[in-house]
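Visitor:
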Amino acid sequence: MQNLLNKGITYFEGFTQEQWIWMAVAGVILIYILYNRKKYINLFDGAVIMAETSFKHGENKKKLNAAVKFVEVRTETLPIPAKLLIRYFLSRKRIIYVIEKTLQKFSDVFGTGRKIDIDEEEENGDN
């Protein structure tokens, strides 16, 4: 244990003054973020809610539908195996799933972990 402590002291003695200053700056930033954690959690949750809402309504919903339509139209001339493979991996359901998982991970890591659901119609069986 004493040997490990001596190695640690020797390691830290090798730091320059500039390295100590940068570590202090990083420490102050980390303390500030931890102190204001609640504010940042609310900020991240707001961003996730806004992203989820924008994919449910308005312009981004049209863009999502246009992306799916683009994949369908562009894959028409491909051989059948390639067409099936591309449509399987780039289907509307898959694109929405990837967006939902990304927003969910963002919410879990930075926010409160609220449940993300972009396409409500899919759950109701309308799609």
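As numbered in numbering that gives the first Met the number 0, residues 0 to 126 make up the sequence shown, in order.
The beta carbon of each residue, even a glycine, is placed where N, CA and C say it ideally should be.
Bear in mind that the values here come from a model prediction, so they are computed numbers and not experimental data.
If I follow the unbroken alpha helix (DSSP H) through K114, where does it start and stop?
Guide: Run containing K114: none; DSSP gives neither H nor E here.
Visitor: Using the three-state DSSP reduction, which class does F54 fall into: helix, strand or coil?
Guide: F54 falls in the helix class under three-state DSSP.
Visitor: Using the Cα positions of L89 and R73, report the straight-line distance between them to the nearest angstrom.
Guide: If I take the Cα positions, the gap works out to 12 Å.
Visitor: Beta-carbon separation of F69 and I117 under 7 Å?
Guide: No, these two residues do not count as a Cβ contact at 7 Å.
Visitor: To the nearest angstrom, report how far apart Y31 and K60 are at their CA atoms.
Guide: Answer to the nearest angstrom: the Cα atoms are 38 Å apart.
Visitor: How many Å lie between L42 and S106 at the Cα?
Guide: Roughly 11 Å between the two C-alpha positions.
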